[in-house]
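Notes follow the structure.
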Amino acid sequence: MATVLSLRDLERLSGVHPDLVRVVRRCAATAKAPPFTVVQGLRTAAQQAHYIAIGASWTQKSRHLTGHAVDIAPLIDQDGDGDLDVSWHWPHFYPLADAMFAAAAQENVPVEWGGNWLAGKKDGPHWQLPWSAYPA
1 MATVLSLRDL
11 ERLSGVHPDL
21 VRVVRRCAAT
31 AKAPPFTVVQ
41 GLRTAAQQAH
51 YIAIGASWTQ
61 KSRHLTGHAV
71 DIAPLIDQDG
81 DGDLDVSWHW
91 PHFYPLADAM
101 FAAAAQENVP
111 VEWGGNWLAG
121 KKDGPHWQLP
131 WSAYPA
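Encoded structure:
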């Protein structure tokens, strides 16, 4: 099932590196990708400081600050009413991760997923372009 990116999703991709935007768009167009939404792309330093203060992030060196990261989340019909809602449950992120990695390979763009980070620091929605290939 392909995802139709909403106007809000596209606005949230504003300021994100074009290569990462291509990957997100390719993922959305892929029939095997579960529906998803763009949660956030580019952040200000003030937004990042707020996320650190509330424990939602742990670094001032976030790739969101330079447009090299995006957060996406799966949309799931959680209550059977046909409406899709954002899911924060880990099992729902894995099919989305598979689709994002496949889209990145098709676009020949290296990506890193926060779900592959060290235990305790995992970040399921987070996708970024690697520092080694995309220095700030």
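When the count follows our numbering, it moves up by one through the sequence shown with no breaks and lands on 136 for the last residue.
Ideal Cβ positions, reconstructed from N, Cα and C, are used throughout, including at glycine.
Item	Value
Continuous beta strand (DSSP E) stretch holding V38: start and end	36 to 40
Start-end ranges of the alpha helix (DSSP H) lying completely within the stretch 56 to 103, minimum 4 residues	none
Straight-line gap, P95 to A33 (C-alpha atoms, nearest Å)	7 Å
For K121 and G55, the rounded distance between their alpha carbons	11 Å
Residues sharing a beta bridge with W127, DSSP	V70, W113
Simplified DSSP assignment, three categories, for I52	helix
Element boundaries [alpha helix (DSSP H), containing V23]	18 to 29
Limits of the alpha helix (DSSP H) - the one that L5 falls within	Careful: L5 lies outside any alpha helix (DSSP H) and carries neither H nor E.
Residues of its chain near A99, where Cβ-Cβ distance is below 8 Å and the 5 sequence neighbours each way are ignored	C27, T30, K32, A33, P34
Buried or exposed (CB count within 10 angstroms, at least 16 for buried), D71	buried
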